[in-house]
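Written out as structure tokens, the structure is:
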């Protein structure tokens, strides 16, 4: 089984029922304080931490006096707009006593489908983590529709985990793991300690997310597990309501662990290598040496640009003799790349008229 101790990067998904009292609609301050202690504990061990949090709608509906029950879409989005401010402030105030800076990142499931938006989200979170910030990722419920209707927060958390190359994803849930049947209805239901491969039989046990067979949204959790483990990230489902749930998980609390199928970086490299390139970037001998040493591709090492590609598109990387070295996801369009090829990074802004990223292709977005 995986461990939180020693993990390079951990993503934690938090449901609204853990943060917000279902009856009063108030924030569960004691629970949040305990979570902040756990985050500080993980960071003290050298782990980057990303929180994927629900709760904006639950907080906002209380403020607006909308009461219980299903809300029309426009009321859900209004509640989210009001609640997002309070949710961000709650995390800021909860983590500040531990010397931790937070930052809010609003995303939708679409952000991982569009390559340019995917790269922007990845670069933003990587930069935040580099500054020691804990990103608080929340669905942008003020504009999203499918996320509100289906509440697919588990899969969003898995997409975030794959995006940032996390080692471990923890779904803090209202159940303590994955069971062979609904434990509230079947006393013979067994909890799985470890699932090394998600088989059709395992999927059948989760039931249908759109029917009464689904036990606590287990279908979406299994979908999240498939996505995360395929991207090289181990995943755990554990009960999140006790205080300090993360340390309890590390100390053996009931949970189901899903085994990562690969190293996260290796999985990402294979994904990039499998894409169909939209263009070609030729580099000089100096750039070849730099790439061989694990460096990013800078505009200064580029001698020629060809094709029709936009930001985030895959491009082939060619050596001086036209040999293919690999491919990567470009941070510039073909027109921009043509303008800055052979130039130093300090010249990018004067040439393009706006600040740009120093690397044309970052090493993390490259498969050689």
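In the working numbering, the protein residues as written are 2 to 369.
The beta carbon of each residue, even a glycine, is placed where N, CA and C say it ideally should be.
Note that the coordinates shown come from a computational prediction; the quantities given were computed from them, not determined experimentally.
The segment 181 to 191 / the segment 240 to 258 touching (three or more Cβ pairs under 8 Å): no
Outcome for residue 132 when other beta-carbon atoms lying within 10 angstroms are tallied against a minimum of 16: Answer is exposed; the Cβ neighbour count stays below 16.
Straight-line Cα distance separating residue 91 from residue 157: 21 Å
Extent of the continuous alpha helix (DSSP H) run through residue 84: 74 to 96
Buried/exposed call for residue 269, threshold 16 Cβ in 10 Å: buried
Span separating the alpha-carbon of residue 75 from that of residue 205: 35 Å
C-beta atoms of residue 20 and residue 61 nearer than 7 Å: no
When 282, 93 and 352 are compared against residue 331, the one with the closest alpha-carbon: Of the candidates 282, 93 and 352, 282 places its Cα closest to the Cα of residue 331.
Segment contact, 8 Å Cβ cut-off, at least three pairs: the segment 337 to 344 with the segment 294 to 312: yes
Residue 64 (DSSP reduced to helix, strand or coil): Residue state for residue 64 is assigned as helix, using DSSP reduced to three classes.
Opening and closing residue of the alpha helix (DSSP H) in which residue 39 lies: 30 to 45
Distance, residue 140 Cα to residue 108 Cα: 5 Å
Residues near residue 68 in its chain [Cβ-Cβ closer than 8 Å; skip 5 each side]: 62
Endpoints, beta strand (DSSP E) assigned at residue 174: 169 to 174
Separation of residue 15 from residue 148, as counted between CA atoms: Any reading at residue 148 must be qualified, since the residue scores a pLDDT of 47, below 50, and its modelled position is unreliable; the value itself is stated next. Taking the straight line joining both Cα atoms gives about 15 Å.
Any beta strand (DSSP E) of 3 or more consecutive residues that is wholly inside the segment 214 to 289: 235 to 240, 256 to 259 and 280 to 284
8 Å contact criterion, which residue 312 and residue 117 should meet: CB distance rounded: Right, their Cβ atoms sit about 4 Å apart.
8 Å Cβ shell around residue 137 - same chain, five flanking residues per side excluded: Only 52, 54, 88, 89, 92, 103, 104, 105 and 106 meet the Cβ criterion.
Residue 300 versus residue 359: straight-line alpha-carbon distance, rounded: 8 Å
Residue 50 and residue 64 closer than 7 Å at C-beta: no
Between the CA atoms of residue 13 and residue 178 - distance to the nearest angstrom: Answer to the nearest angstrom: the Cα atoms are 15 Å apart.
Distance between residue 4 and residue 230 (C-alpha atoms, nearest Å): 15 Å
Residue 136, enclosing alpha helix (DSSP H) - first and last residue: It is not in any alpha helix (DSSP H) - residue 136 instead sits in the beta strand (DSSP E) that spans 135 to 140.
Helix, strand or coil at residue 206 [DSSP, three-state]: helix
Check whether residue 278 and residue 315 have beta carbons under 7 Å apart: yes
Simplified DSSP assignment, three categories, for residue 186: The answer is coil: DSSP assigns residue 186 none of H, G, I, E or B.
Short CB-CB distance (under 7 Å) between residue 321 and chain C: The structure shown contains no chain C; it is built from a single protein chain.
Span of the alpha helix (DSSP H) around residue 13: It is not in any alpha helix (DSSP H) - residue 13 instead sits in the beta strand (DSSP E) that spans 10 to 15.
Residue 207 beta carbon less than 7 Å from that of residue 223: The answer is yes: Cβ separation under 7 Å.
Buried or exposed (CB count within 10 angstroms, at least 16 for buried), residue 85: buried
Beta bridge counterpart(s) of residue 49 as assigned by DSSP: 10
For residue 354, three-class secondary structure by DSSP: It is coil, neither helix nor strand.
Cβ-Cβ separation, residue 273 to residue 366 (assumed contact under 8 Å), whole Å: 7 Å
CA-to-CA distance, residue 29 to residue 236, given in whole angstroms: 25 Å
Rounded distance between the beta-carbons of residue 225 and residue 159, thought under 8 Å: About 4 Å; that satisfies the 8 Å criterion.
Residue interval of the alpha helix (DSSP H) (run including residue 163): Looking at the DSSP string, the run of the alpha helix (DSSP H) that includes residue 163 is 154 to 164.
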